[in-house]
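Counting from 697, one number per residue, gives the positions in the sequence shown under our numbering. For glycine and all other residues, C-beta sits at the position ideal for the given N, C-alpha and C.
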Amino acid sequence: MLLSKGQCRFHYLYNSGFIIETENNVIIIDYYQESPLITKELFTHKNIFVFVTHNHGDHFNPLIYDLSQEHDIQYIIHKDVPSASGSKILSVVPDQHYSVGDLSIETFGSTDSGVSYLISVDGLTVFHSGDLNWWKWKGKSQEIHKQEEADYKREIYKLRNKKIDIAFVPVDPRLEEYYDLAVKYFGSTIDVQTIVPMHFRDSLEPIQQLAHHWKDNGFSSQFVAITRRNQSFYFDEERALDFNKGQ
């Protein structure tokens, strides 16, 4: 199906990895495990951009540079991510604006490593958090908990005047009862139409629980209940997510 301005298909790869297909562009972000969705057809007739938020092993695999051997790809990576000779690479730092092809990119910080990205392209604005999360770990001191909270809220405050169509936000079950602090704060603070959970690896049950109670908790945004790897969805900015068009 052809896409128009303001529409996209997005595909969940694994953990924090996604493909976002828009009218004229394809964005691959934090892809580190092989997926059947990375096909030759994906690279046909559209501009290809590969983003990396930081150099942790669950967000970056140097094999992404192999894609440029057969395809014209622009890479956008945090400055600490290892680069590869012969590839088109833009190294970025937090709190900057960049323009690459059809993409307008704003970088924000992280509460762990690297950057988070706000990407505007083909009538859509998408935010990918990377490891920007409210990291409240059990067993840490109250002082550390307060600092983690302040660090997260400080970065999210920078998005307060943005209108975001799709936001990819960590929901990490390793945090146990604190796993949903970030996504709930994001949903209650930012003007966002659709929130997509990430950074949960194979722990799907908490995602389903959160999705089930999302509207009951008073959130106006839509929460996407991912149920499997390589799952695909269709997005239209006028109609939010149309799950009947998911693949």
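If we count the other Cβ atoms within 10 Å of its Cβ and call it buried at 16 or more, is residue i buried or exposed?
| i | result |
| --- | --- |
| Phe931 | buried |
| His750 | buried |
| Ile886 | buried |
| Asp898 | exposed |
| Gly782 | exposed |
| Gln703 | buried |
Measuring straight from C-alpha to C-alpha, what distance separates residue i and residue j?
| i | j | result |
| --- | --- | --- |
| Lys854 | Lys842 | 19 Å |
| Ser917 | Glu845 | 22 Å |
| Thr803 | Val811 | 6 Å |
| Tyr728 | Arg870 | 20 Å |
| Pro902 | Ile860 | 24 Å |
| Ile922 | Thr890 | 13 Å |
| Leu738 | Ile769 | 12 Å |
| Gln765 | Ile840 | 45 Å |
Below 8 Å on the Cβ atoms is my guess for residue i versus residue j; work out the distance and round it to an integer in Å.
| i | j | result |
| --- | --- | --- |
| Thr821 | Leu814 | 7 Å |
| Ile698 | Thr718 | Before going further, note that residue 698 is Leu rather than Ile in the sequence given. Leu698 to Thr718, Cβ: 11 Å. No contact. |
| Asn913 | Leu799 | Contact doesn't hold; Cβ gap of about 33 Å is too wide. |
| Tyr881 | Trp830 | 6 Å |
| Lys834 | Glu872 | 6 Å |
| Ser884 | Phe915 | 7 Å |
Going by the beta-carbon positions, is the gap between residue i and residue j smaller than 8 Å?
| i | j | result |
| --- | --- | --- |
| Asn926 | Ser712 | no |
| Asn857 | Gly797 | no |
| Phe745 | Ile723 | yes |
| Phe896 | Trp910 | no |
| Leu709 | Ile715 | yes |
| Gly805 | Leu828 | yes |
| Gly819 | Lys701 | yes |
Taking the alpha carbon of residue i as the point to measure from, which residue in the options has its own alpha carbon closest?
| i | options | result |
| --- | --- | --- |
| Asp726 | Asp768, Asn743, Ile772, Ser764 | Ile772 |
| Ile862 | Met697, Ser700, Arg705 | Arg705 |
| His767 | Glu901, Pro869, Lys784, Glu839 | Lys784 |
| Phe823 | Ile760, Pro866, Thr735, Ser837 | Pro866 |
| Asp776 | Gln765, Gly753, Glu839 | Gly753 |
| Phe929 | Gln905, Glu873, Val892 | Val892 |
| Glu851 | Gln904, Asp791, Gly819 | Asp791 |
| Val788 | Thr740, His774, Ile860, Ala780 | His774 |
| Leu733 | His741, Phe747, Pro758, His707 | His707 |
Within the 8 Å Cβ cut-off, does residue i reach chain B?
| i | result |
| --- | --- |
| Gly914 | No chain B appears in this structure, which consists of one protein chain only. |
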